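Enquirer: Below is the structure I would like to discuss, written out as structure tokens.
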Amino acid sequence: MSTIEVEHASRWYGNVVAVNDVTMEVGPGVTGLLGPNGAGKSTLLHMMSGFLAPSIGTVQVDGRPVWHDHDLYRTIGLVPERDAVYGYLTGWQLALASARLHGLPRPEEAARRALETVELADARDRRIDTYSKGMRQRAKVAAALVHEPEVVLLDEPFNGMDPRQRLHMMDLVRRMGDEGRTVLFSSHILEEVERVAEHIQVIVAGRLAASGDFREIRRLMTDRPHVFTIRSSDDRRLATALIADRSTTGVEVDGDGLRVRASDFTRFTWLVPRVARDLDVGLREVRPADESLESVFSYLVTQ
Amino acid sequence: MNRVVAGITLRGMLGRRRALLLLVLPATLLAMAIVITALGGAHPWVTAALLQQFGVGTLLPLVALVVTTGVLGTEIDDGSIVFLLSKPVPRPVIVRTKVAIAIGLIALFAAVPVLVAGLVMAGGADGLAAGFGAGALAGAIAYGAIFVLINVLTRHAVVAGLLYALVWESLVGGFVPGARQLSVQQWAASVAGWVSSSSYIHTQVAPMAAVGLLAATTILATVLAGQRLRSLSIAGES
Chain A
1 MSTIEVEHAS
11 RWYGNVVAVN
21 DVTMEVGPGV
31 TGLLGPNGAG
41 KSTLLHMMSG
51 FLAPSIGTVQ
61 VDGRPVWHDH
71 DLYRTIGLVP
81 ERDAVYGYLT
91 GWQLALASAR
101 LHGLPRPEEA
111 ARRALETVEL
121 ADARDRRIDT
131 YSKGMRQRAK
141 VAAALVHEPE
151 VVLLDEPFNG
161 MDPRQRLHMM
171 DLVRRMGDEG
181 RTVLFSSHIL
191 EEVERVAEHI
201 QVIVAGRLAA
211 SGDFREIRRL
221 MTDRPHVFTI
231 RSSDDRRLAT
241 ALIADRSTTG
251 VEVDGDGLRV
261 RASDFTRFTW
271 LVPRVARDLD
281 VGLREVRPAD
291 ESLESVFSYL
301 VTQ
Chain B
1001 MNRVVAGITL
1011 RGMLGRRRAL
1021 LLLVLPATLL
1031 AMAIVITALG
1041 GAHPWVTAAL
1051 LQQFGVGTLL
1061 PLVALVVTTG
1071 VLGTEIDDGS
1081 IVFLLSKPVP
1091 RPVIVRTKVA
1101 IAIGLIALFA
1111 AVPVLVAGLV
1121 MAGGADGLAA
1131 GFGAGALAGA
1141 IAYGAIFVLI
1151 NVLTRHAVVA
1161 GLLYALVWES
1171 LVGGFVPGAR
1181 QLSVQQWAAS
1191 VAGWVSSSSY
1201 IHTQVAPMAA
1211 VGLLAATTIL
1221 ATVLAGQRLR
1231 SLSIAGES
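Protein chains in written order, with our numbering: chain A, 1 to 303; chain B, 1001 to 1238.
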């Protein structure tokens, strides 16, 4: 059982702060590091994997600073985001090289097991540059798992995969968590994190915006004020009826429809069709105006 | 040395189009040697001039640049180096292995062709071929380490290496006598002059000083490259 401890870690490049005073602890099981692009996820992951020194603060695995400690790679398995692997090697050669670099007593056996785990045994003798994106990703995972690490770090592992490959990789990540490993993966897609992770760390603009159990954070995200754009056959009558309900905190009427601010998402989505039916107003469009992940994240930052 | 790192590095070097590029430069030198000899122009001073100016002065640094970019620069550039760096292998060991492979390949694609071109043009006369072969080998060792260091220090290693080899060694060295003391080409020529008894080899540095400087530079560059690779950062999102 291993733990990653990040304490007041910041990282900046010149005047740009990529990670700002982040403190978190990641334990066994699958943790999703969620945030929009450019939020600092990769920077944080690079600090956890010893490829970047924190400007201030500490990043440790089981109490040992990660930076400048190559021996810690006996505990850590890293699956980098970048697609670059040695394309001129076969999957088998890559896994075997990894096992040998780890100094494992039976490298062939370890390589075989790792390739079987990622279901790449059938393609093991093909050169990696002939692999699909998903297969390359699995080859990288096999190379990272060959020494059965306690900590597995994956940077955007589902990026660029087709749906089938994605499901397969999700299953693999879940299995690693079930085996008691400390698995952390980064993603900017909420659904990916929802399907795989038990714990979640949300990072926005370099800061830790939310942390903890996934369901708790999902509730926070659902309960935030939502803005809807509504177009109907009689916008003004509909506006009057909606503002009378406690789930609505504001209505603006403009030439193109209504902008309605709802404080209670569940009640509001229940309310709109009923009010429209009772008033005999035809609904032409009901559209969430701020469903981008960025707006969800910025709401979380203020909580 | 780490055998697995060496194996991956060699496989990457020899399996690519880069190997073709590495054959073109020495082939040019050998073709020139054969043509000059066939035309009856292989006078010792012509041989010495060709081996010094083209062999040691151009072929050697260019081959060194292509080789070192291949053994390390490309991997750092495309991020595949992360595979090696995320293993429990000390990074100075990775660097030493890469430097050793680079030196071997530079010797193969630059020093050996210089020796063969010398033999074609001068045979065993005055030890010209052996002298320049030894000089090119000494230069290969220093260039291997220096250019690996440059590849660790900057993503623009080819430009930096060309600036060093062409501007510093050839241009500045041509006008500023002091700069010649700090030139791999001059050290290599000095070794060549030491081994050969030919009077056509022009050297500016005493042989002992050249050997000492070659050794010191090689060791220093290798150690620095190892230290720098220990702290190699992979940039996060912009």
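Glycine included, C-beta positions come from ideal geometry on N, C-alpha and C. Computed from a predicted structure; not experimentally measured.
CB-CB under 8 angstroms to A:R127, same chain, minus the five flanking residues each way: which ones, in chain order?
Expert: Taking the first residue of the first sequence as position 1, residue 127 of chain A is located at position 127. Around A:R127: G87, Y88, L89 and T90.
Enquirer: Counting C-beta neighbours from all protein chains within 10 Å, is the total for B:L1014 16 or more, i.e. buried, or is it exposed?
Expert: Indexing the second sequence from 1 puts residue 1014 of chain B at position 14. Exposed, because fewer than 16 other Cβ atoms sit within 10 Å of the Cβ of B:L1014.
Enquirer: Tell me whether A:Y88 sits in a helix, a strand or coil according to DSSP, three-state version.
Expert: On the first sequence, residue 88 of chain A is found 88 positions in, with the first residue counted as 1. It is coil, neither helix nor strand.
Enquirer: Using only CA atoms, which one of B:V1223, B:L1182 and B:S1198 lies nearest to B:H1043?
Expert: The residue given as residue 1043 of chain B occupies position 43 in the second sequence. Among B:V1223, B:L1182 and B:S1198, the Cα nearest to that of B:H1043 is on B:S1198.
Enquirer: Nearest by alpha-carbon distance to A:R304: which of A:R174, A:V251 and A:T43 is it?
Expert: Summary: the structure shown does not reach residue 304 of chain A, with chain A confined to residues 1 through 303, and so no result is reported for it.
Enquirer: From this set, A:D83, A:R64 and A:D280, which residue's C-alpha is nearest A:D155's C-alpha?
Expert: Within the first sequence, the letter at position 155 stands for residue 155 of chain A. When each option's Cα is compared against that of A:D155, the closest is A:D83.
Enquirer: With a CB to CB cut of under 7 angstroms and the five nearest residues on each side skipped, what residues in its chain are close to B:S1238?
Expert: As a working mapping, residue 1238 of chain B is identified with position 238 in the second sequence. Its pLDDT being 36, under 50, B:S1238 is placed unreliably by the model, and nothing is read from it.
Enquirer: Using a Cβ-Cβ distance cut-off of 7 angstroms, determine whether A:Y131 contacts chain B.
Expert: The residue labelled residue 131 of chain A in the question sits at position 131 within the first sequence. Output row for A:Y131: interface = no.
Enquirer: DSSP state of B:L1039, grouped into three classes?
Expert: Counting from one through the second sequence, the residue named residue 1039 of chain B turns up at place 39. If DSSP states are grouped into helix, strand and coil, B:L1039 belongs with coil.
Enquirer: Could you check whether the region 1035-1049 of chain B touches the region 1107-1126 of chain B, counting it as contact only if at least three pairs of C-beta atoms, one from each stretch, sit closer than 8 angstroms?
Expert: As far as the Cβ criterion goes, the region 1035-1049 of chain B touches the region 1107-1126 of chain B, which means the pair count is three or higher.
Enquirer: To the nearest angstrom, report how far apart A:P149 and B:V1066 are at their CA atoms.
Expert: Position 149 of the first sequence, counted from the first residue, corresponds to residue 149 of chain A. Position 66 of the second sequence, counted from the first residue, corresponds to residue 1066 of chain B. Each residue's Cα considered, the two are about 37 angstroms apart.
Enquirer: So, A:G206 versus A:A9, is the Cβ gap smaller than 7 angstroms?
Expert: Residue numbering aside, residue 206 of chain A sits at position 206 when the first sequence is read from its first letter. Residue numbering aside, residue 9 of chain A sits at position 9 when the first sequence is read from its first letter. Contact flag unset, no.
Enquirer: Under the three-state reduction of DSSP, which class applies to A:F214: helix, strand or coil?
Expert: Locating residue 214 of chain A in the first sequence gives position 214, where the first residue counts as 1. In the structure shown, A:F214 sits in a helix (DSSP, three-state: H, G or I).
Enquirer: Just how far apart, CA to CA, sit A:D125 and A:D62?
Expert: Position 125 of the first sequence, counted from the start, is the residue given in the question as residue 125 of chain A. Position 62 of the first sequence, counted from the start, is the residue given in the question as residue 62 of chain A. Taking the straight line from one Cα to the other gives about 37 angstroms.
Enquirer: Does the beta-carbon distance from A:E285 to A:R231 come in below 7 angstroms?
Expert: Counting from 1 along the first sequence, the entry for residue 285 of chain A is found at position 285. Counting from 1 along the first sequence, the entry for residue 231 of chain A is found at position 231. Cβ distance < 7 angstroms, so A:E285 and A:R231 count as in contact.
Enquirer: Taking the alpha helix (DSSP H) that B:I1234 falls in, what are its first and last residues?
Expert: The count along the second sequence starts at 1 and reaches residue 1234 of chain B at position 234. Taken as a continuous stretch (DSSP letters only), B:I1234 belongs to no alpha helix (DSSP H), as it is neither H nor E.
Enquirer: Cβ of A:S211 within 7 angstroms of Cβ of A:A143?
Expert: Here residue 211 of chain A corresponds to residue number 211 of the first sequence, with the count starting at 1. Here residue 143 of chain A corresponds to residue number 143 of the first sequence, with the count starting at 1. Not closer than 7 angstroms, so no.
Enquirer: Could you give the distance in angstroms between the alpha-carbon of A:L271 and the alpha-carbon of A:L190?
Expert: The residue given as residue 271 of chain A occupies position 271 in the first sequence. The residue given as residue 190 of chain A occupies position 190 in the first sequence. Distance between the alpha carbons of A:L271 and A:L190: 27 angstroms.
Enquirer: Would you mind stating whether B:W1187 and B:A1210 have Cβ atoms separated by less than 7 angstroms?
Expert: Indexing the second sequence from 1 puts residue 1187 of chain B at position 187. Indexing the second sequence from 1 puts residue 1210 of chain B at position 210. Contact flag set, yes.
Enquirer: Which residue's Cα is closest to the Cα of B:I1036: B:I1219, B:L1023, B:T1218 and B:G1118?
Expert: Position 36 of the second sequence, counted from the first residue, corresponds to residue 1036 of chain B. Minimum Cα distance to B:I1036 is reached at B:G1118.
Enquirer: Can you tell which of B:K1098, B:V1205 and B:G1131 has its C-alpha closest to the C-alpha of B:F1147?
Expert: Against the second sequence, residue 1147 of chain B aligns to sequence position 147. When each option's Cα is compared against that of B:F1147, the closest is B:K1098.
Enquirer: If you measure beta-carbon to beta-carbon, which residues of the region 193-227 of chain A are closer than 9 angstroms to chain B?
Expert: The residues in question: there are none.
Enquirer: Taking only runs that begin and end inside the region 1145-1175 of chain B, name each unbroken alpha helix (DSSP H) of 4 or more residues, in chain order.
Expert: Counting whole runs of 4 or more residues, the region 1145-1175 of chain B contains the alpha helix (DSSP H) stretches 1157-1162.
Enquirer: Shorter than 7 angstroms from the beta carbon of B:E1237 to some beta carbon of chain A?
Expert: Numbered from 1 along the second sequence, position 237 holds the residue referred to as residue 1237 of chain B. The predicted position of B:E1237 is uncertain, since its pLDDT is 42 and thus under 50; no value can be drawn from it.
Enquirer: Mind checking if A:L34 is an interface residue toward chain B, Cβ cutoff 7 angstroms exclusive?
Expert: For the purposes of this step, residue 34 of chain A is taken as residue 34 along the first sequence, with counting starting at 1. Judged by the 7 angstroms Cβ criterion, A:L34 is not in contact with chain B.
Enquirer: Helix, strand or coil: how does DSSP classify B:L1014 here?
Expert: For the purposes of this step, residue 1014 of chain B is taken as the residue at position 14 of the second sequence. Helix, per DSSP.
Enquirer: Who are the near neighbours of A:G27 in its chain, counting only those whose CB is closer than 7 angstroms to its CB and skipping five residues on each side?
Expert: As a position in the first sequence, residue 27 of chain A is number 27, starting the count at 1. Only T3 and T182 meet the Cβ criterion.
Enquirer: Using a Cβ cut-off of 8 angstroms, pull out every chain A residue sitting near B:I1008, in sequence order please.
Expert: As a working note, residue 1008 of chain B is residue 8 in the second sequence. Neighbours of B:I1008 on chain A, chain order: Y86, L89 and A97.
Enquirer: How about B:A1140 and B:A1111: are their beta carbons less than 7 angstroms apart?
Expert: In the second sequence, residue 1140 of chain B corresponds to position 140, counting from 1. In the second sequence, residue 1111 of chain B corresponds to position 111, counting from 1. Cβ distance < 7 angstroms, so B:A1140 and B:A1111 count as in contact.
Enquirer: Would you call the region 47-59 of chain A in contact with the region 168-180 of chain A, where contact means no fewer than 3 C-beta pairs closer than 8 angstroms?
Expert: Result no; under three Cβ-Cβ pairs closer than 8 angstroms.
Enquirer: I think A:F228 touches A:S247, with their Cβ atoms under 8 angstroms apart; what is that distance to the nearest whole Å?
Expert: Here the question's residue 228 of chain A lines up with position 228 in the first sequence. Here the question's residue 247 of chain A lines up with position 247 in the first sequence. Not quite, the Cβ-Cβ distance comes to about 11 angstroms (not below 8 angstroms), so this is no contact.
Enquirer: Among the candidates B:R1011, B:G1007, B:V1191 and B:G1057, whose CA atom is the shortest distance from the CA of B:L1029?
Expert: Counting from one through the second sequence, the residue named residue 1029 of chain B turns up at place 29. B:L1029 has its Cα closest to that of B:G1057, out of B:R1011, B:G1007, B:V1191 and B:G1057.
Enquirer: Taking buried to mean at least 16 other C-beta atoms within 10 Å of its own C-beta, is B:A1031 buried or exposed?
Expert: Residue numbering aside, residue 1031 of chain B sits at position 31 when the second sequence is read from its first letter. Counting Cβ neighbours within 10 Å, B:A1031 comes out exposed, since fewer than 16 surround it.
Enquirer: CA-CA distance, B:A1225 and B:L1010?
Expert: By 1-based counting over the second sequence, the position of residue 1225 of chain B is 225. By 1-based counting over the second sequence, the position of residue 1010 of chain B is 10. Cα to Cα, the separation comes out at about 19 angstroms.
Enquirer: I'd like to check one pair, A:R11 with A:T43: are the Cβ atoms closer than 7 angstroms?
Expert: As a first step, residue 43 of chain A is located in the first sequence; it is residue number 43 there, counting from the start. As a first step, residue 11 of chain A is located in the first sequence; it is residue number 11 there, counting from the start. Yes, they are a contact pair.
Enquirer: Would you call the region 1127-1146 of chain B and the region 1091-1110 of chain B in contact, with 3 or more CB pairs under 8 angstroms?
Expert: At 8 angstroms Cβ cutoff, the stretches touch.
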